[in-house]
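Numbering (my numbering), first residue to last: 93 to 610.
Encoded as structure tokens, the structure appears first; notes follow it.
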Ligand SMILES: Cc1cc2nc3c(=O)[nH]c(=O)nc-3n(C[C@H](O)[C@H](O)[C@H](O)COP(=O)(O)O)c2cc1C
Ligand code: SF4
């Protein structure tokens, strides 16, 4: 048997040197006259171990990581092609604690094989959901998705089945499925990882959405900062078309569905669904007032399902194993699994898919392993740049939409950023206002003007000018933004600001104390 070596082509792994490692391995193979097949897989998401190289041995896969190109010679000397011991030896990948503790439903295949091998996709259960869907009535597919309890993973947590039902029930000669792959939140990379590591699962999910709602055309809107995801998705769509997964007769059925990839220009607000639709139509990325809902009048004025990548990529497993199977995971009204993206100042950064319900403390301390610097954790921002900062006192909060809302926080796209005790929360609050000022689409005053005034007021606080008055002013401004903004960019910026003030009041003390402390 020719040895198989798996080296991730995922852009996270590439950023950590996977290409150099691949070249060094190819060179070493040539020099030693060894015949082997190099497979460029996706990443399994344990980024603290990337580049993670795997070899297929008679006893199964053996992983090594994080591998540097300077390790390659000694890896060969240690007999790594047959799983030999080496300082980078990690053993069977599915036994690595970070991976073994996960419940992988959406990411079940991600990072295992060549992402563009449709045969590999099928061999691990791919297309079963779509096969079931083509044999069902649209309303029954929608019912499965509704019964599964799946909620949008893009941020708002809106029930996916209800959205699909609105589109199904709206009569039109043309309907669309739009996949939101703008992934603008800090600390998030789940969409990118799945598009690069298992693109067919997204294609399958979109085809199911099309058949369920009567839409025959789909678009994936990917941010321009994701060139690898764009390339992989384009190739995967081409393969899916040639193999009859997409086209006029999806899997040989009378259902038609085709899709295209579109690249955004890089504005955070273009992740907001109505801005995204404007951008897709070639217009400026400005938020549209709702109603009308996109489900009724969306892309080019037609009924449109707009869903996040992970929402759509979670549909195939639901249609394969059934709503009850999926719903069995999770807690409260948060059903199924969620890919938590652990980033920032953390030891074990990466993607961790698990049923809803783990506490924030378990995620940060047990799975994340605390900070990379080894200093105490001070704060964790959950839900991207518009998410609240959680202090250690709230680490008992379970990962659940409602539990986070109860504590004035949000799950968002499930990205968490860890900060150690050197973080200055006044600076973080200022950053939130500045971010909003830069990214505001400008349509409404509380966001456009309020964020700029917010930066100025926090600067005055930092300088110790009338602290009580300015603190009251920031709070007042936050209330105006929260209740007066048209979309969540202006409406949620108060979360990071107010949580910083509420949980870390010592960082907002008057300037003399701050200056003395610095
Ligand atoms: C400022 C702003 C940025 C957003 N960015 C994203 C994004 O990058 N990706 C995403 O899926 N949803 C994003 N959303 C949420 C979308 O508006 C929308 O709720 C989502 O695409 C719906 O899909 P879902 O129901 O599957 O979550 C953003 C919302 C706002 C207000
Ligand atoms: S809140 Fe900000 S981003 Fe949203 S519509 Fe208003 S100005 Fe635009």
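We put the CB at the ideal spot given by N, CA and C, even for glycine.
Here the structure is a predicted model, which means the values were calculated and not measured.
For this session: Tell me, please, which residues DSSP counts as bridged to residue 482.
Result: Here the question's residue 482 lines up with position 390 in the chain shown. Residue 482 is bridged to 472.
Exercise. Contact check, residue 437 vs residue 512 under 8 Å by CB: the rounded distance?
Worked result: Mapped onto the chain shown, residue 437 falls at position 345. Mapped onto the chain shown, residue 512 falls at position 420. With 8 Å as the limit, residue 437 and residue 512 qualify as a contact, their Cβ atoms being about 5 Å apart.
Exercise. For residue 535, which of 504, 521 and 578 has the nearest alpha-carbon?
Worked result: Sequence index remark: in the chain shown, residue 535 carries index 443 (1-based). Minimum Cα distance to residue 535 is reached at 578.
For this session: To the nearest angstrom, report how far apart residue 593 and residue 377 are at their CA atoms.
Result: Along the chain shown, read from residue 1 onward, the residue named residue 593 stands at position 501. Along the chain shown, read from residue 1 onward, the residue named residue 377 stands at position 285. So the alpha carbons of these two residues sit roughly 32 Å apart.
Exercise. Hey, would you say residue 434 sits closer than 7 Å to residue 506, going by beta carbons?
Worked result: Within the chain shown, residue 434 is the residue found at index 342, counting from 1. Within the chain shown, residue 506 is the residue found at index 414, counting from 1. Cβ distance not < 7 Å, so residue 434 and residue 506 don't count as in contact.
Exercise. Which same chain residues, not among the five before or five after residue 529, have their C-beta less than 7 Å away from its C-beta?
Worked result: As a working mapping, residue 529 is identified with position 437 in the chain shown. Result list for residue 529: 543, 544 and 547, in chain order.
Exercise. From this set, 306, 424 and 258, which residue's C-alpha is nearest residue 494's C-alpha?
Worked result: Here residue 494 refers to the residue found at position 402 when the chain shown is read from its first residue. The shortest Cα separation from residue 494 among 306, 424 and 258 belongs to 424.
Problem set entry | Separation of residue 551 from residue 608, as counted between CA atoms | Working through the chain shown from its first residue, we reach residue 608 at position 516. Working through the chain shown from its first residue, we reach residue 551 at position 459. Because residue 608 sits at a pLDDT of 49, beneath the cut-off of 50, its placement in the model cannot be relied upon, and the following sentence gives the value as read from the coordinates. Taking the straight line from one Cα to the other gives about 17 Å.
Exercise. Between the C-alpha atoms of residue 370 and residue 313, what's the straight-line distance to the nearest angstrom?
Worked result: Position 278 of the chain shown, counted from the first residue, corresponds to residue 370. Position 221 of the chain shown, counted from the first residue, corresponds to residue 313. Near 12 Å, if we compare the C-alpha coordinates of residue 313 and residue 370.
Exercise. Taking 6 Å as the line, does the beta carbon of residue 239 fall inside it for any heavy atom of ligand 4?
Worked result: As presented, the structure is devoid of ligand 4, carrying ligand 1 and ligand 2 as its sole ligands.
Exercise. For residue 346, which option in 308, 335, 330 and 320 has the closest C-alpha, if you only look at C-alpha atoms?
Worked result: Taking the first residue of the chain shown as 1, we reach residue 346 at position 254. Nearest in C-alpha terms to residue 346, of all of 308, 335, 330 and 320, is 308.
For this session: Locate the alpha helix (DSSP H) running through residue 235, then write down its first and last residues.
Result: By 1-based counting over the chain shown, the position of residue 235 is 143. Taken as a continuous stretch (DSSP letters only), the alpha helix (DSSP H) holding residue 235 covers 230-240.
Exercise. Hey, would you say the C-beta of residue 532 is under 6 Å away from at least one heavy atom of ligand 2?
Worked result: Stepping through the chain shown from its first residue, residue 532 is reached at position 440. Yes, the beta carbon of residue 532 sits closer than 6 Å to at least one heavy atom of ligand 2.
Exercise. Can you list, in chain order, the residues of its chain whose CB lies under 8 Å from that of residue 223, leaving out five sequence neighbours each side?
Worked result: Locating residue 223 in the chain shown gives position 131, where the first residue counts as 1. Counting only Cβ-Cβ distances below 8 Å, and skipping sequence neighbours, we find 343.
Exercise. For the segment 255-311, which segments carrying the alpha helix (DSSP H) assignment without a break, of at least 4 residues, lie completely within its bounds, in sequence order?
Worked result: Runs found: 282-289 and 291-305.
For this session: Would you list the residues sitting across from residue 433 in a DSSP beta bridge?
Result: One-based indexing of the chain shown puts residue 433 at position 341. 443 and 507, per the DSSP bridge assignment.
For this session: Determine the direct distance from the alpha carbon of residue 482 to that of residue 600, and round the result to whole angstroms.
Result: Counted from its first residue, the chain shown places residue 600 at position 508. Counted from its first residue, the chain shown places residue 482 at position 390. Spanning the two alpha carbons is a distance of roughly 16 Å.
Exercise. What residues in its chain sit with their C-beta under 8 Å from that of residue 598, if we drop five residues either side in the sequence?
Worked result: Position 506 of the chain shown holds residue 598. If we look at residue 598 and ignore the five residues flanking it on each side, it has no Cβ neighbours.
Exercise. Anyone know if the C-beta pair for residue 474 and residue 510 falls short of 7 Å?
Worked result: Start at 1 with the first residue of the chain shown, and residue 474 comes out as number 382. Start at 1 with the first residue of the chain shown, and residue 510 comes out as number 418. Contact flag unset, no.
For this session: List the DSSP bridge partners of residue 97.
Result: Stepping through the chain shown from its first residue, residue 97 is reached at position 5. For residue 97, which the question treats as bridged, DSSP gives the partners 130 and 147.
Exercise. Where does residue 155 sit, in a helix, a strand or coil, going by DSSP?
Worked result: Position 63 of the chain shown, counted from the first residue, corresponds to residue 155. Strand, per DSSP.
Exercise. Looking at the unbroken alpha helix (DSSP H) that takes in residue 224, where does it start and where does it end?
Worked result: Within the chain shown, residue 224 is the residue found at index 132, counting from 1. Here the alpha helix (DSSP H) through residue 224 covers 220-226.
Exercise. Can you tell which of 415, 174 and 290 has its C-alpha closest to the C-alpha of residue 215?
Worked result: Indexing the chain shown from 1 puts residue 215 at position 123. Ranking the options by Cα distance to residue 215, first place goes to 290.
Exercise. On the three-pair Cβ rule with 8 Å, is the segment 97-107 touching the segment 277-285?
Worked result: yes
Exercise. Are residue 226 and residue 253 closer than 7 Å when you measure CB to CB?
Worked result: The residue given as residue 226 occupies position 134 in the chain shown. The residue given as residue 253 occupies position 161 in the chain shown. No; because the gap between Cβ atoms is not below 7 Å, this pair is not in contact.
Problem set entry | residue 198, buried or exposed, once every other Cβ within 10 Å from all chains shown has been counted against 16 | Walking along the chain shown from the start, residue 198 turns up at place 106. Burial call: buried.
For this session: Within the segment 319-404, note down every full alpha helix (DSSP H) run reaching 4 residues or more, in order along the chain.
Result: 319-334 and 365-372
For this session: Report whether the distance from the Cβ of residue 526 to the nearest heavy atom of ligand 1 is below 6 Å.
Result: Working through the chain shown from its first residue, we reach residue 526 at position 434. No.
For this session: Inspect the beta-carbon positions of residue 349 and residue 387 and report whether they are closer than 7 Å.
Result: Residue 349 sits at position 257 when you count from the first residue of the chain shown. Residue 387 sits at position 295 when you count from the first residue of the chain shown. Going by C-beta atoms, residue 349 is not nearer than 7 Å to residue 387.
Exercise. Hey, would you say residue 411 sits closer than 7 Å to residue 241, going by beta carbons?
Worked result: Mapped onto the chain shown, residue 411 falls at position 319. Mapped onto the chain shown, residue 241 falls at position 149. Contact: no.
For this session: Identify whether residue 569 lies in helix, strand or coil by the three-state DSSP scheme.
Result: Locating residue 569 in the chain shown gives position 477, where the first residue counts as 1. Three-state DSSP puts residue 569 in a helix.
Exercise. Considering only residues of the same chain and omitting the five flanking positions on each side of residue 247, which have a CB-CB separation below 6 Å?
Worked result: Within the chain shown, the letter at position 155 stands for residue 247. The answer, listed in chain order, is 504 and 505.
Exercise. Across which residues does DSSP place residue 451 in a beta bridge pair?
Worked result: The count along the chain shown starts at 1 and reaches residue 451 at position 359. 490, per the DSSP bridge assignment.
Exercise. Considering only residues of the same chain and omitting the five flanking positions on each side of residue 94, which have a CB-CB separation below 7 Å?
Worked result: Here residue 94 refers to the residue found at position 2 of the chain shown. Here the set comprises 127, 128 and 129.
For this session: Would you mind giving the Cβ-Cβ distance between residue 267 and residue 238, rounded to the nearest angstrom? I have them listed as a contact below 8 Å.
Result: Indexing the chain shown from 1 puts residue 267 at position 175. Indexing the chain shown from 1 puts residue 238 at position 146. That belief does not hold up - the Cβ atoms of residue 267 and residue 238 are roughly 18 Å apart, past 8 Å.
Exercise. Between the Cα of residue 134 and the Cα atoms of 151, 111 and 533, which residue gives the shortest distance?
Worked result: The sequence position of residue 134 within the chain shown is 42, counting from 1. Out of 151, 111 and 533, 111 has the C-alpha closest to the C-alpha of residue 134.
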